[in-house]
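In the working numbering, each residue's number is its place in the sequence shown (first place is 1) plus 620.
The beta-carbon is built from N, C-alpha and C at its ideal position, and this holds for glycine as well.
Here the structure comes first, spelled out in C-alpha cells, and everything after it is commentary.
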Amino acid sequence: LVYLNTDIQNKLKNEDRIEDKLKTHSLRLTDHRKNILNFFIKNPFALSQSFFEEKLSGSCDRITIYRTLRSFLKTGIIHKVLDDSGNIKYALCNENCLPEHHHEHVHFKCERCQRTICLQDVAIPELNLPEGFDGNEISLLVTGICERCS
Ligand SMILES: [Zn+2]
Ligand SMILES: [Zn+2]
Ligand SMILES: [Zn+2]
Numbered sequence: 621l622v623y624l625n626t627d628i629q630n631k632l633k634n635e636d637r638i639e640d641k642l643k644t645h646s647l648r649l650t651d652h653r654k655n656i657l658n659f660f661i662k663n664p665f666a667l668s669q670s671f672f673e674e675k676l677s678g679s680c681d682r683i684t685i686y687r688t689l690r691s692f693l694k695t696g697i698i699h700k701v702l703d704d705s706g707n708i709k710y711a712l713c714n715e716n717c718l719p720e721h722h723h724e725h726v727h728f729k730c731e732r733c734q735r736t737i738c739l740q741d742v743a744i745p746e747l748n749l750p751e752g753f754d755g756n757e758i759s760l761l762v763t764g765i766c767e768r769c770s
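Okay, here's the thing in C-alpha cells:
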C-alpha cells in the first residue's frame, strides 16, 4: 500500500488537470506547455509574456514562450486581458471556451497588488453603438482595490 500525502495528491491532480486540458484542446503534451499552463492554473490572475520570461529564464526562450502562449490563445485555453500596464496579459478561459472565445466579463486591476483578475460572473453591459459601427471585441477594465487587499 502506498501512502500519498495531500501535497502529493494535489500535485498529481494538478498534473492530470494540465494533461487533460492540453488533450481536450488538441495540443501535444510538451514540457514547455505543461510548465506554462501550470503557472496559469496556480495563479488566478492575468500573466504577461514578460512574467514568463522572468520565471523561465534559462529553461525556455522568448520565442518558445511566445509560441506557447499563441497556441493556448488559438485553442481556447487562455484569453487576452488588456489592462493599463501596457503589456498584453493572458488568463485562463472558462471550461466552455471551445471552439471559440466568448468573453463578456469584466477585468479588475488592483491598484495595490497590481494583479489583474477575471471577474467571470460580472458581465459587461450591452452597448448601443452608433449606426455604421460594427463591434467585434469588447473589454472593460475596472481599477480599484481587490478583496485580498481591502
Ligand atoms: Zn476564452
Ligand atoms: Zn489587490
Ligand atoms: Zn478574463
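Residue i Cβ short of 6 Å to ligand 1 heavy atom set
i	result
His699	yes
Gly678	no
His645	no
His721	yes
Pair within 7 Å by beta-carbon distance, residue i and residue j
i	j	result
Cys738	His725	yes
His727	Leu689	no
Ile685	Phe671	no
Nearest-angstrom Cα separation, counted from residue j out to residue i
i	j	result
Cys766	Pro745	21 Å
His652	Asn630	21 Å
Glu720	Phe660	19 Å
Asn756	Thr650	33 Å
Gly696	Arg687	14 Å
Leu747	Leu632	44 Å
Ser770	Cys713	26 Å
Ile758	Pro750	15 Å
Lys675	Glu639	21 Å
Asp754	Lys662	37 Å
Reference residue i, options the options, closest by Cα
i	options	result
Asp703	Thr763, Pro750, Pro664 and Asn658	Thr763
Arg735	Asn634, Leu657 and Leu667	Leu667
Asn775	Ala711, Leu747, Leu718 and Cys717	Any property of residue 775 remains undetermined from this structure, which presents the chain solely from 621 to 770.
Asn634	Thr650, Cys717, His645 and Asn655	Asn655
Leu779	Phe692, Ile628 and Leu749	As shown, the chain starts at 621 and ends at 770. That puts residue 779 outside it, with no answer to give.
Lys694	His645, Lys729 and Asp636	His645
Arg768	Pro664, Glu639, Cys680 and Asp640	Pro664
Gln740	Gly678, Asp754 and Asn716	Asn716
8 Å Cβ shell around residue i - same chain, five flanking residues per side excluded
i	result
Arg648	Leu642
Proximal residues to residue i (C-beta, below 7 Å), its chain only, five neighbours per side dropped
i	result
Arg682	Glu673
Lys709	Ala666, Leu667, Ser668, Val701, Asp703 and Thr736
Glu731	Thr763, Gly764 and Ile765
Val742	His725 and Val726
Same chain, Cβ closer than 6 Å to residue i, five either side skipped, listed in chain order
i	result
His723	His699
Heavy atom of ligand 4 within 6 Å of residue i beta-carbon
i	result
Cys738	Ligands displayed in this structure: ligand 1, ligand 2 and ligand 3; ligand 4 is not among them.
Near ligand 3: residue i beta-carbon under 6 Å from a heavy atom
i	result
Ala743	no
Any chain C beta carbon closer than 7 Å to residue i
i	result
Phe660	The question asks about chain C, but that chain is absent: this structure has only one protein chain.
Residue i Cβ short of 6 Å to ligand 2 heavy atom set
i	result
Cys766	yes
Arg687	no
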